[in-house]
Amino acid sequence: MVNPLVPYAFQGVLWYQGEANVWRAKEYKKSFPLMINDWRTKWNQADFPFYFVQLSTFNEFNGNSKVGSRWAELREAQLETLKLKNTGIVVTTDIGNAKDIHPTNKQDVGLRLAAIALNNVYGKKQVYSGPTFKSQEIKGNEIILTFDNLGSGLSTSDNSENVKGFEIAGADKVFHSAKATIKNNKIFVSSENVKNPVSVHYGWADDDSEINLFNKEKFPASPFRTDNWEMITANEKYKVSK
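Count along the sequence shown starting at 1, add 7, and that's the number in the working numbering.
What follows is the structure, given as structure tokens:
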């Protein structure tokens with residue numbers, strides 16, 4: 008469907024897709040960047056802008072940190088695609104619908120995509136991204152998280168001190184709901200059930216509509232994890248029917 012468009016010039020691409028690939032989320036870490044690079048090669052327009060929308064909340068499989076979440080793994084694959092030059096991502100955790108794979112709020116999706124383009128392409132310098140995980144530091148029974156894309160600083164969507172959606176685990180890989188607080192634009196995460204923490208998950212679920220970490224410009228933080236433990240989609244491959 009796309010190939011006939013190759014002769015035509017354009018400024019860039021806005022991409023909204025991914026739900027059909029949640030079964031092969033790990034594979035998507037390769038296939039999505041491959042597609043972007045292939046398009047750039049076909050059009051021969053250098054590294055044209057390619058901005059995409061991360062999957063919003065949708066409770067397809069009741070996935071979470073305990074049983075694994077295909078939707079969270081696909082969001083991670085999308086986030087990692089930012090390694091490609093001249094790409095951008097729109098996080099939509101706050102404007103989805105856990106019961107509808109096609110949420111109705113498209114206007115805010117468009118506004119967030121426009122914010123990236125206005126900043127990167129049209130020179131209207133502004134904040135266009137929510138906080139993205141940078142690093143973690145373990146101190147005793149607490150994990151301290153630092154972020155990029157802070158904007159004017161970390162905040163919550165309801166201006167409360169309770170940052171929702173964080174979980175913490177030790178070496179046993181069993182995640183527990185965690186207390187998370189903002190201090191000096193860092194997140195301090197702990198749980199009385201985890202004395203020697205190793206990893207943190209944020210928004211690691213099919214339905215992540217309850218998470219509330221934003222920057223002060225009202226852009227949501229992307230879901231993330233700090234470990235590299237094997238994904239539940241690790242062995243799923245695309246199969247060509249014969």
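Cβ coordinates follow ideal geometry from the N, Cα and C atoms, glycine included. Quick caveat, the model's predicted, so the values are computed rather than measured.
Membership of V13 in any beta strand (DSSP E) is not indicated, and neither H nor E is assigned to it by DSSP.
V170 carries a coil assignment under DSSP once its states are collapsed to helix, strand and coil. Excluding five sequence positions before and after Q85, the CB atoms of its chain that fall closer than 8 Å to its own CB belong to G25, Y35, F39, F59, Q61, L62, I96, given in chain order.
Cβ-Cβ separation between L125 and Q133: approximately 7 Å, consistent with a contact (criterion under 8 Å). If you ignore the 5 residues before and after E224, its C-beta comes within less than 6 Å of the C-beta of V134, G158, all in its own chain and listed in chain order. The continuous beta strand (DSSP E) containing N222 extends over residues 220 to 222.
Taking the Cβ atoms as the reference, A212 lies roughly 17 Å from S198, outside the contact range of under 8 Å. Excluding the 5 residues flanking it on each side, E168 has same chain C-beta neighbours closer than 8 Å at T188, I189, in chain order.
The region 145 to 214 is shown to contain no whole alpha helix (DSSP H) run of 4 or more residues.
Under the DSSP assignment, T94 falls in the beta strand (DSSP E) whose first and last residues are 94 to 97. Per DSSP, the unbroken alpha helix (DSSP H) holding L118 starts and ends at 114 to 127. Straight through space, the alpha carbons of K246 and G160 are spaced by roughly 45 Å. Contact fails between the region 37 to 56 and the region 192 to 210, because fewer than three Cβ pairs, one in each stretch, are under 8 Å apart.
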